[in-house]
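All remarks here apply to the structure that follows.
There are 2 protein chains.
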Amino acid sequence: MLFCRPLMETSSDRRQEVLAETLARFLARGAHANVTKLLGRVRPEDVAAVLERFDAAERLDIFRLLISDFPDSAGDVLTGMEPARRLALLEELTPEQIAGLLERIPVDDAVFVLESLPPALHDQLLELVDLRELTGVQAQLAYPEHSAGRLMDTGLFALPETVTVRDSIAAIQEKRDVEMIFYLYVTDRDGHLIGVTSLRQLLMSKPETPLSEIMQRSVIKVHVETDQEEVARQASRYDLLAVPVVDDHNHLVGIVTVDDIIDVVQEEAADDLLRMAGTSEGELLYEGRVLRVARLRLPQMLISLAGLLATGVLLASFQSRFPDALFLLAFVPVIMGLPGSVGGQAAAVALRDLAAGQFAGSGNLPAFVGRQLKVAGVLGLACGVLAAAAALAFQRNPWLGAAVGLALLVAMPLAALVGALTPPLLARLRLDPAVASGPLLLAVHDVLGILVYFALASVFLRHLAG
Amino acid sequence: MLFCRPLMETSSDRRQEVLAETLARFLARGAHANVTKLLGRVRPEDVAAVLERFDAAERLDIFRLLISDFPDSAGDVLTGMEPARRLALLEELTPEQIAGLLERIPVDDAVFVLESLPPALHDQLLELVDLRELTGVQAQLAYPEHSAGRLMDTGLFALPETVTVRDSIAAIQEKRDVEMIFYLYVTDRDGHLIGVTSLRQLLMSKPETPLSEIMQRSVIKVHVETDQEEVARQASRYDLLAVPVVDDHNHLVGIVTVDDIIDVVQEEAADDLLRMAGTSEGELLYEGRVLRVARLRLPQMLISLAGLLATGVLLASFQSRFPDALFLLAFVPVIMGLPGSVGGQAAAVALRDLAAGQFAGSGNLPAFVGRQLKVAGVLGLACGVLAAAAALAFQRNPWLGAAVGLALLVAMPLAALVGALTPPLLARLRLDPAVASGPLLLAVHDVLGILVYFALASVFLRHLAG
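Top line first, the protein sequences correspond to chains A and B.
Those letters in the first sequence? Residues 714 to 1179, by the numbering used here.
Those letters in the second sequence? Residues 714 to 1179, by the numbering used here.
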C-alpha cells in the first residue's frame, strides 16, 4: 500500500460524494420522497459506500426507506456494507424483516451475511430462515467454515455433454436469473463434472456440434471442503473467472465466482494483518463496542503481560548481581528490541510464503530457515559491531562492548530461527500461523535476549564490575 | 489464514506432485526427449509451480528445453514463477533470449516481468525490447508505478455504438487473439468510452439492434493514473470482471482484467505484511542473496537501534536515581511491551481501514481514533490493575503498584493514539503507512513508556526509596 489515496480521483468517488451530499440535503429537509427517488436511480454498491458516511440514525432512516420501496436493492446494500455497520443496522430490524431481506439475495450472499453475525443473532435467524424453506442456506452452513462449500454459488449452469452448441445457446438465452455466465460446465448423465467450455467457444463453434466435442476435458476444480484460501490460489494461478466445486463423487454442486475470490483474498489479508498485531477480524464486526473489542484483545495481552513480567523479574534479578554496573541497563532495550524485529521479519516472510503455497517442496522449508538465519547473522554482526562501538564510546569499557555485540550476534539469529519456524509449524498443527509474529513471540524474543545478554555479562563479570 | 493447508487436497496439488516426480525421474535418467514430451502436455501454470521444487540447475535445464521446444509456454511459465526464481533464471539467459520470451507474452505480462527486475537488467532489456519495436511495453512503463496504466491490457476489444448485435457477434468470432472477452465496451466515433454490454446480453438481443440500444451507459471506469489499489477496490465493490481504463479525454485505452486485480490484492497484502515487519517486497526478489536482503532491512534496523539506545540511556539514567530500588526494573519490560502491542493493534486496524477506503467520510477518522483510545483505556485499566497487583504481591509496595498501574493506564492509550494516527497521517502525506506499525513505532512506544513510568516513579520517589 504505497499510496493509499488514488493518484487521481475516480469517477465513482465523485459520484459517491455527490450522492452523499444530495442525500444529506434531502434528509435534513425531511424530503423523504426525494430520497426515495434518488435511491431508485443509483447502484446498491454506491448506496452501501455512502451509508458509511452517515450516522447510525440517518443510516437506519435511509435503510428503512430502501426496505419498503426497493427491497431487492436493500439486500444488495446490506451485502456491500462494512461488517460493523451491517450488524448495527440488522440489530434495529425485526428477525422477520431480516429473513425477508436474506430471501431476496443469492444464497451465497445470504450465507456470507449470516456467517458475519454474532452466534446468538445467527441462530435466531436460522430458525426463521428454516421456516421459510431457505434450505440452501442451511445446507451450505453445514460445510466447514472457510470451505469452498460455504463460499460457493449453487445456482450454477451446467449442461450434459450430448447437448449441441445451438441448444446450449438457446438454454443460456432462457436462463435469465443466473448472474454471471462465462464458463459452461459439462456433465455426464449422472451429473459428474467432465468438462468445461466458454460462452465465446460456443460462438465460435458450429451450431450442431455436441458439447463433448468442444469442451476442455481437464478441469481445474475444488472439493466442497477445500479451504477458501486454496480456492483463491487455484483461481489466481490459472487465471480463472470461476472455480467449479465437486463433492466426494465428482458431482458438480456449485461454483465459486471470482468476485467472491477477491473478497476472500482481501479478508484473509486483513485477518493476517490483525492477527499479527495480536487481535482478530472480530475487531471489524464489533468496532463500536469498546468492551467487546477489548475482550477480543485481552487474552493475548494477558499472555504478553505474563511473559513480560517474567522477563522483568529475570532482568531485575540479573541486574542485582551487578549492583555497580547500572550502565548494563543502557543496552537492555536494544537487546530486547532488535532480536524481536528480526524474528518478526522472519515470521512475516514465512507467513507470506505460506500464503503463496511456497513450502510445498520438501527442501523448501530448511532452505528458507537457512536463508533467514544467514540474513539475521549479517544483521546481528552489523548491529553488534555498532552497539559495541556505542558501548565503547559511552562507557570506555571493552568488556561491555563485547557482551553487547556478542549478545546481538547470538540473539538475533536465534530469534530469526524461532520466527521462521513458528508459522510453518503452527500451520502444520492446523493452528493460526499469523499469531506467531505477534506480541506473543515478541515476549519470547525478549526473554531470549535478556538471557543471552546477562549470561555473557556474567562471563565478563570480573572485568565489568571493575 | 486460519488453516494454511487445504482441508482436502485439490486435484491440482496431486497433478503437480505427479508431474514433479515424473520430471525428476526423467531428468535423473537424462531422458530429455521424455521431458519435452511431458512438458508439451501440461499447463504452463503447473510447470511454473513445479519448477519451484527443483534446484537451480535442474530448473535451468527444464526451462532451456521449454525455450527451445515450447517458446510460447516458456513465457507463460516465466510469468507464473516466484520473483526470486524468475530473476535467477533470467540472469542465466542472454538478453536476446529474454527479449524473445517477452515478445511472446501479452504486453501487460511483459510489463509485469520487466517491473519485477532489478533496474540494471531492466534497462538493458528495455534497450533490446525497443530495437524489436515492442513499443507498447515502453508506453506502459511511462505511466506511474502501481498505476492502472502499468497494469492494463491494451489488446482490448471495443466497438462503435452504431454496430449491430449481429455484426458484434461476427466481430467477436473473428477476434481470436483477444484472450478474455466478457464485456463489450462501446465507444463513440472519436473513441470515447460511452457504454458497456456483455457477451450474454448480445445473445439475448435481436440481431439487428445497434449496441447503443442495449448498452449500459453508466460505466465504472478508472483513469490511467489511478492507483492499482483503487482499481482493485472498484472491481471488488462492483463485482466486475474487468475495469476499463481511460485517458484525460475519456478515450478508452485499455482494460484491467480480474486476474490481474487478484494479483494486485495479493501483492499489496504481502507488501503490507512485510512493511509492517520492517522489511519490503524486495525480500521476495532477492531471497537467495543474503547481503541484498540484509541491506534492505538495515536502514530501519539502524533507526530502531538508535531509538532503542536512546531508550536505554534514559532507562539507565532514570534507574541511577533509584539505586536502591532495582525492583523497579522488574516492570520495565511490561511498560515497554504492552503499550507497543496496543499501539501496533491500533496501527493494524488503521491500515486495514485505509485499505478498505474507510476514512473517506470526514468524521470517520476522529471516530476511529476515539474508539481506539477507549479500547486502549479499558485494556490499560485491566493490565494496570493486574500489574499493580503483581507489584504488591512481589514487593508489598503499594507505591510501586501505583506507579506501574498508572503508567500502563497512561501509556497504553497514548500509544494507541500514536498508532491510530500515524498510518492515516502518513497516507495523507503520500508516504507508506504500513511502516508505521513496524519496529520504528515500537521504539517510540518504548521511549514513551519509560518516560511515563519513571516520571510517576519520581513522584512517588520518597515512598519507593523507603
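Even glycine gets a Cβ: it sits at the ideal position worked out from N, Cα and C.
N- and C-terminal bounds of the alpha helix (DSSP H) containing residue i
i, result
"Leu-1142/A", "Neither: Leu-1142/A is in no alpha helix (DSSP H) and is coded neither H nor E."
"Val-956/B", "Looking at the DSSP string, Val-956/B is not in any alpha helix (DSSP H); the run it does join, the beta strand (DSSP E), is 955-959."
"Val-1088/A", "1077-1108"
"Val-944/B", "941-950"
"Ile-927/B", "924-927"
"Gly-862/A", "861-864"
"Val-878/A", "878-887"
"His-745/A", "745-754"
"Ser-1030/A", "1003-1033"
"Pro-796/B", "796-803"
"Gly-1070/A", "Here Gly-1070/A belongs to no alpha helix (DSSP H), and DSSP marks it neither H nor E."
"Phe-776/A", "769-782"
"Leu-997/B", "995-998"
"Ile-811/A", "808-816"
"Leu-827/B", "820-828"
Host beta strand (DSSP E) of residue i (start-end)
i, result
"Ala-871/A", "871-873"
Amino acids of chain B, ordered along the chain, whose beta-carbon sits closer than 7 Å to that of residue i
i, result
"Ala-983/A", "Arg-1065"
"Glu-1000/A", "Arg-1084"
"Ser-1017/A", "Gly-1050, Leu-1051 and Ser-1054"
"Met-865/A", "Those do not exist, as Met-865/A stays about 14 Å from chain B at its closest Cβ, beyond 7 Å."
Chain-ordered neighbours of residue i on chain A, where CB pairs are closer than 8 Å
i, result
"Gly-1114/B", "Per Cβ cutoff of 8 Å: no residues; Gly-1114/B is ~13 Å from chain A at best."
"Arg-1010/B", "Val-1055, Gln-1058, Val-1088 and Leu-1092"
"Ser-1033/B", "Leu-1039"
"Thr-992/B", "Gln-1058, Ala-1061 and Val-1062"
"Ser-781/B", "Ordered by position in chain A, no residue passes the 8 Å Cβ test against Ser-781/B, which lies about 25 Å from the chain."
"Ile-1180/B", "Since the first and last residues shown for chain B are 714 and 1179, residue 1180/B lies out of range."
"Leu-1169/B", "Within chain A, no residue comes near Leu-1169/B; the closest Cβ sits about 16 Å away, beyond 8 Å."
"Leu-827/B", "Here the premise fails: no neighbours, minimum Cβ distance about 18 Å."
Residue i: contacting residues in chain A (beta-carbon distance under 7 Å)
i, result
"Thr-1024/B", "Pro-1046"
"Phe-895/B", "Phe-895"
"Ala-874/B", "Note that residue 874/B corresponds to Glu in the displayed sequence, not to Ala. Result: empty, since nearest Cβ-Cβ is about 19 Å, beyond 7 Å."
"Val-1006/B", "Val-1088"
"Ala-801/B", "Within 7 Å Cβ-Cβ: nothing; Ala-801/B doesn't reach chain A, min ~13 Å."
"Leu-854/B", "What Leu-854/B touches in chain A: nothing, since even the nearest Cβ is about 16 Å away."
Residues sharing a beta bridge with residue i, DSSP
i, result
"Thr-900/A", "Pro-873/A and Leu-906/A"
"Ile-968/B", "Asp-866/B and Pro-957/B"
"His-936/B", "Val-959/B"
"Ser-911/A", "Tyr-896/A"
Cβ-heavy atom distance, residue i to the ligand ADP, below 6 Å
i, result
"Glu-730/A", "You won't find the ligand ADP in this model; it holds no ligand whatsoever."
Interface residues of chain B facing residue i [CB-CB closer than 8 Å]
i, result
"Pro-793/A", "With the sequence shown as reference, residue 793/A is identified as Gly, and Pro is not the correct amino acid for it. Going along chain B in sequence order, the residues near Gly-793/A (Cβ under 8 Å) are Arg-950."
"Asp-774/A", "None at all; the shortest Cβ gap to chain B is about 17 Å."
Within chain B, partners of residue i - CB distance below 9 Å
i, result
"Arg-738/A", "Going along chain B, no residue has its Cβ under 9 Å from Arg-738/A, so there is no contact; the nearest lies around 16 Å."
"Ser-901/A", "At residue 901/A the sequence reads Asp, which differs from the Ser that was named. The contacting residues do not exist; Asp-901/A stays about 17 Å from chain B at best."
"Ala-1029/A", "Leu-1039, Phe-1040, Leu-1041, Leu-1042, Ala-1043, Phe-1044 and Val-1045"
Do the segment 1081-1096 of chain A and the segment 1048-1062 of chain A make contact, defined as three or more Cβ pairs closer than 8 Å?
Contact between the segment 1081-1096 of chain A and the segment 1048-1062 of chain A is present, because at least three Cβ pairs lie under 8 Å.
Validate contact between the segment 979-989 of chain A and the segment 959-968 of chain B using beta carbons, cut 8 Å, 3 pairs:
Result no; under three Cβ-Cβ pairs closer than 8 Å.
Should the segment 813-831 of chain A be called in touch with the segment 1021-1039 of chain A, which here means at least 3 C-beta pairs below 8 Å?
As far as the Cβ criterion goes, the segment 813-831 of chain A does not touch the segment 1021-1039 of chain A, which means the pair count is below three.
The segment 994-1006 of chain A contacting the segment 870-887 of chain A, beta-carbon criterion three pairs below 8 Å:
Output reads no: the segment 870-887 of chain A does not touch the segment 994-1006 of chain A.
Mind the definition here: the segment 1072-1088 of chain A touches the segment 1147-1164 of chain A only if three or more C-beta pairs lie below 8 Å; say whether that holds.
By the Cβ test, the segment 1072-1088 of chain A is not in contact with the segment 1147-1164 of chain A, since fewer than three Cβ pairs between them sit closer than 8 Å.
Does the segment 963-974 of chain A come close enough to the segment 859-867 of chain A to have 3 or more Cβ pairs within less than 8 Å?
Short answer: they touch.
Stretch pair the segment 1059-1066 of chain A + the segment 1015-1031 of chain A: three plus CB contacts closer than 8 Å:
They do not touch, by the three-pair rule.
Does the contact criterion of 3 or more C-beta pairs under 8 Å hold for the segment 759-771 of chain B versus the segment 785-795 of chain B?
Judged by Cβ distances under 8 Å, the segment 759-771 of chain B makes contact with the segment 785-795 of chain B, as three or more pairs qualify.
Using 8 Å as the cut-off, can you tell me whether the segment 736-753 of chain B makes contact with the segment 772-780 of chain B, which would need three or more C-beta pairs spanning the two stretches below that distance?
The segment 736-753 of chain B makes contact with the segment 772-780 of chain B; the number of CB pairs closer than 8 Å reaches 3 or more.
Counting Cβ pairs closer than 8 Å, one from the segment 1152-1160 of chain A and one from the segment 1121-1134 of chain A, do we hit at least three?
The answer is yes - the segment 1121-1134 of chain A touches the segment 1152-1160 of chain A, with three or more Cβ pairs under 8 Å.
Residues of the segment 952-971 of chain A in Cβ contact with chain B at a cutoff of 7 Å, in chain order, please.
Those residues of the segment 952-971 of chain A that come within reach of chain B (Cβ to Cβ, closer than 7 Å) are Asp-952, Leu-954 and Val-971.
With three or more beta-carbon pairs closer than 8 Å as the criterion, would you say the segment 816-828 of chain A touches the segment 849-857 of chain A?
Contact holds between the segment 816-828 of chain A and the segment 849-857 of chain A, because three or more Cβ pairs, one in each stretch, are under 8 Å apart.
Residues of the segment 901-924 of chain A in Cβ contact with chain B at a cutoff of 7 Å, in chain order, please.
Listed in sequence order: Leu-912, Arg-913, Leu-916 and Met-917.
Could you check whether the segment 900-909 of chain B touches the segment 924-939 of chain B, counting it as contact only if at least three pairs of C-beta atoms, one from each stretch, sit closer than 8 Å?
They touch, by the three-pair rule.
For the segment 923-946 of chain B, which residues have a CB atom closer than 7 Å to at least one CB atom of chain A, in sequence order?
Listed in sequence order: Ile-933, Lys-934, Val-935, His-936, Glu-938, Thr-939, Asp-940, Glu-942 and Glu-943.
Under 8 Å, with one C-beta from each stretch per pair, do the segment 944-954 of chain A and the segment 970-981 of chain B reach the 3-pair mark?
At 8 Å Cβ cutoff, the stretches touch.
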